[in-house]
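Residue numbers (full-length UniProt numbering), protein chains in the order written: chain F, 1 to 390; chain X, 1 to 353.
Inspection log for the structure reproduced underneath, given as structure tokens.
The structure is reproduced here in structure tokens:
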């Protein structure tokens with residue numbers, strides 16, 4: 001009798017052991033408070049909700065994801081602390097955020113060999129040196145700006161363009177490539193203006209007008225862009241405005257109101273108001289996890305979801321290949337990834353020489369308070385030529 | 001005195017005794033115990049804790065420099081992070097060619113030159129106007145770095161891996177190695193700081209702070225004193241910048257921004273302006289407060305997370321601001337004053353006075 005109970009107890013313990021899912025930690029470190037937190041807080045929510053969805057649906061059999069979103073307050077020392085904690089714990093992948101934080105961590109990321117997926121699409125993140133383990137979710141800022149220049153060259157051949165950029169490595173990243181691309185496209189970049197946190201851009205805009213500028217291309221965040229386009233409207237200027245991923249989106253519409261009408265925006269993400277599977281998925285998750293409308297409509301929410309999605313997909317691939325979940329196996333999986341995701345306009349593909357996930361972009365135009373696509377998904381024809389010389 | 005170790009009060013009878021670095025034998029003994037404690041501390045800490053400890057020590061070094069400029073010379077400086085940045089960028093440029101132990105003083109000296117240049121306006125202006133001049137330096141520094149291709153326009157300049165006695169410092173021992181280096185540098189420069197006040201220059205600093213016209217009348221040179229205060233404070237910041245560069249493995253402009261300058265001022269105020277121990281207490285208090293509030297904010301999020309208001313996230317920056325305001329209102333002399341009261345209590349114990 002005693003042996004029988006012992007046997008049952010053994011079976012129960014073994015059964016529990018088999019039933020318990022393997023816990024896999026994924027950490028994100030970004031700005032939930034402090035500079036750029038208007039984007040960071042929704043990005044974090046996107047990560048949290050995608051992880052919850054993966055757990056709720058059993059997306060990776062036998063794996064329970066524990067996703068931590070850490071507020072580093074846009075402080076690189078905090079990012080470093082969070083990253084090292086994740087490395088010490090053996091996390092298979094790390095989700096980053098800012099340009100400065102990612103650039104600073106690159107040597108360490110290279111040393112420890114943990115795949116790193118930032119929210120910053122700065123080309124320097126994946127340029128040598130120390131670039132083996134950093135993977136961009138979508139095309140870089142440089143490629144985004146060149147893509148919009150290609151569009152401008154098509155609709156307004158020979159146009160005069162000014163660039164208005166954030167006074168930081170984030171803002172300056174695409175300038176040199178943009179100048180080379182403009183020369184190839186036959187359009188003129190007549191001025192590159194760094195935008196301080198000004199509340200009145202009258203002088204800058206009047207100067208642009210005097211130089212005959214037809215388009216201003218922004219590499220900045222939505223706040224300063226909104227101020228400038230509102231000033232342009234107030235001054236009655238006929239200049240058109242265009243911008244890269246973080247310059248536009250629903251945040252810009254909210255901040256600039258009808259001054260944003262006609263703004264050309266380049267991104268790789270679908271919009272929640274579109275009639276497609278991506279929008280449906282984003283809205284479903286937002287509603288399921290109780291997110292406010294501002295979060296669901298923000299482009300940063302699906303951006304966070306895509307970053308988490310890439311990490312989870314890589315872990316799924318590693319698991320399916322029968323490998324132990326580790327930084328090494330996740331890295332190997334990332335190099336083979338070809339993920340037809342629900343969130344962006346193209347598949348996420350990586351290889352040893354290609355660390356850009358979604359290669360395709362769309363140009364959208366603000367029309368009556370929403371961004372409407374004016375192009376089909378396309379890849380920049382010139383980016384590789386001007387940046388890599390091939 | 002028959003038993004100097006049991007001394008419970010101040011029994012100085014000569015000027016020489018009054019200017020000794022350590023007032024009592026028990027003070028010397030406690031310092032030795034403290035140093036030994038700090039040397040063995042890494043044995044009891046995990047790597048993650050060491051990372052925080054390193055950061056506190058590096059910031060302490062920078063705040064000591066700020067204490068020379070603002071605490072002792074009374075010159076408001078809101079560009080201190082830029083001095084640290086000058087040291088860090090110097091380190092990034094010279095580190096491939098020099099061993100780390102040579103990089104540290106070189107970085108400090110370059111920052112000192114920058115400090116002396118920034119100090120020149122102090123010959124003619126003071127108070128709020130001087131504060132704006134130092135703010136201008138901070139902005140010029142950020143602009144200059146942002147437009148210098150040689151400095152990656154503020155993007156990352158990677159630091160080379162450190163090799164010490166043929167041994168390469170890697171991920172596992174990085175923070176332990178830099179802890180001992182930073183600690184050694186800090187002890188050396190803190191000792192120099194303490195000695196500074198016993199010198200003619202040190203006393204000039206205090207005299208110029210209290211009344212520069214009176215100091216001038218007493219035969220001191222307020223102008224030279226102010227410029228030298230900036231140079232010396234910047235030297236400390238420059239060395240701290242070089243250490244930070246090695247510690248963080250790369251130099252990025254964001255680490256030396258205006259926000260960091262303000263953080264240093266907050267650390268100096270919370271620690272206690274014009275004190276040596278304040279330079280340690282301020283960074284330790286604010287860094288540990290931030291980390292503990294981070295943990296607390298996650299806990300708050302779990303138990304109380306109303307829609308539309310992120311109470312948990314808001315608590316962390318709120319605590320930082322609240323700490324500064326409360327110290328300014330209730331203890332403007334900072335934690336150093338609490339330390340003084342505590343020491344006084346134990347020195348006189350079991351008597352009240």
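Ideal Cβ positions, reconstructed from N, Cα and C, are used throughout, including at glycine.
Everything numeric in this text was worked out from a predicted model, so none of it was measured.
> In its own chain, which residues sit with a C-beta less than 6 angstroms from the C-beta of residue 51 of chain F, not counting the 5 before and 5 after it?
Replying inline: 65, 67, 308
>> Can you confirm whether residue 272 of chain X, when its beta carbon is compared against all beta carbons of chain F, has any partner nearer than 7 angstroms?
In response: no
> At least one CB of chain F closer than 7 angstroms to the CB of residue 102 of chain X: is that the case?
Replying inline: no
> How is residue 345 of chain F classed by DSSP in three states: helix, strand or coil?
Replying inline: coil
>> Could you check whether residue 74 of chain F and residue 35 of chain F sit closer than 7 angstroms to each other, using their CB atoms as the reference points?
In response: When the beta-carbon positions are compared, residue 35 of chain F and residue 74 of chain F come within less than 7 angstroms of each other.
> Straight-line CA distance for residue 85 of chain F to residue 50 of chain X?
Replying inline: 12 angstroms
> Who are the near neighbours of residue 212 of chain X in its chain, counting only those whose CB is closer than 7 angstroms to its CB and skipping five residues on each side?
Replying inline: 222
>> Taking 7 angstroms as the limit between beta carbons, can you name the residues of its chain near residue 186 of chain X, skipping five residues before and five after?
In response: 57, 60, 61
>> To be precise: take each residue of the region 165 to 189 of chain F, compare its Cβ to all Cβ atoms of chain X, and keep it if any distance is under 7 angstroms. Which residues remain?
In response: 167, 168, 169, 172
> Is there contact here, the region 120 to 136 of chain F with the region 43 to 62 of chain F, by at least three beta-carbon pairs under 8 angstroms?
Replying inline: no
> If you drop the 5 nearest sequence neighbours on each side, which residues of the same chain put their C-beta closer than 6 angstroms to that of residue 208 of chain F?
Replying inline: 162
> Hey, would you say residue 32 of chain F sits closer than 7 angstroms to residue 313 of chain X, going by beta carbons?
Replying inline: yes
>> Less than 7 angstroms between CB atoms is the rule here; does residue 216 of chain X satisfy it with respect to chain F?
In response: Taking Cβ atoms only, chain F never reaches closer than 7 angstroms to residue 216 of chain X, which makes this a no.
> Under a Cβ-count criterion, where at least 16 other Cβ atoms within 10 Å of its own Cβ denotes burial, should residue 345 of chain X be classed as buried or exposed?
Replying inline: exposed
>> Tell me which residues share the same chain as residue 311 of chain X and place their Cβ nearer than 8 angstroms to its Cβ, disregarding the 5 neighbours each side in the sequence.
In response: 300, 301, 304, 305
>> Let me check understanding here. Comparing Cα to Cα, which of X/237, X/39, X/321 lies closest to residue 286 of chain X?
In response: X/321
> Which runs of the beta strand (DSSP E) fall wholly inside the region 310 to 361 of chain F and span at least 3 residues, in chain order?
Replying inline: 356 to 358
>> Counting beta carbon pairs with one atom in the region 178 to 198 of chain F and one in the region 378 to 387 of chain F, are three or more of them shorter than 8 angstroms?
In response: At 8 angstroms Cβ cutoff, the stretches touch.
> Counting contacts by CB-CB distance shorter than 7 angstroms, is residue 123 of chain F in contact with chain X?
Replying inline: no
> Does the ligand SAM have even one heavy atom less than 6 angstroms from the beta-carbon of residue 66 of chain X?
Replying inline: In the structure on display, the ligand SAM does not appear, and there are no ligands present to speak of.
> Between F/53, F/115, F/148, F/94, which lies nearest to residue 456 of chain F when the distance is taken from Cα to Cα?
Replying inline: Residue 456 of chain F cannot be examined here, being either before or after the span of chain F that is shown, 1 to 390.
>> For residue 252 of chain X and residue 324 of chain X, which I take to be in contact (beta-carbon distance under 8 angstroms), what is that distance rounded to the nearest angstrom?
In response: About 26 angstroms separates the two Cβ atoms, so there is no contact after all.
>> Please list the terminal residues of the continuous beta strand (DSSP E) segment that includes residue 371 of chain F.
In response: 370 to 373
> Hey, how far is the Cα of residue 70 of chain X from the Cα of residue 140 of chain F?
Replying inline: 44 angstroms
> Under a Cβ-count criterion, where at least 16 other Cβ atoms within 10 Å of its own Cβ denotes burial, should residue 353 of chain F be classed as buried or exposed?
Replying inline: exposed
> What distance in whole Å lies between the Cβ atoms of residue 111 of chain F and residue 170 of chain X, which are believed to be in contact at a cut-off of 8 angstroms?
Replying inline: 7 angstroms
> DSSP three-state call for residue 158 of chain X: helix, strand or coil?
Replying inline: strand
>> Within 8 angstroms, do at least three Cβ pairs link the region 198 to 206 of chain F to the region 224 to 234 of chain F?
In response: yes
> Between the C-alpha atoms of residue 72 of chain F and residue 24 of chain X, what's the straight-line distance to the nearest angstrom?
Replying inline: 44 angstroms
> From residue 359 of chain F to residue 161 of chain X, what distance separates their C-alpha atoms?
Replying inline: 34 angstroms
>> According to DSSP, is residue 31 of chain F part of a helix, a strand, or is it coil?
In response: coil
>> Please tell me whether residue 33 of chain F has its Cβ less than 7 angstroms away from any Cβ of chain X.
In response: yes
> At what residues does the beta strand (DSSP E) containing residue 64 of chain F begin and finish?
Replying inline: 63 to 71 is the span of the beta strand (DSSP E), which, as asked, contains residue 64 of chain F.
>> Just checking: is the beta-carbon of residue 76 of chain F within a distance shorter than 7 angstroms of some beta-carbon in chain X?
In response: yes
> What residues of chain X sit near residue 288 of chain F, judged by a beta carbon separation below 7 angstroms?
Replying inline: What residue 288 of chain F touches in chain X: nothing, since even the nearest Cβ is about 14 angstroms away.
> Does residue 242 of chain X come within less than 7 angstroms of chain F when only Cβ atoms are used?
Replying inline: no
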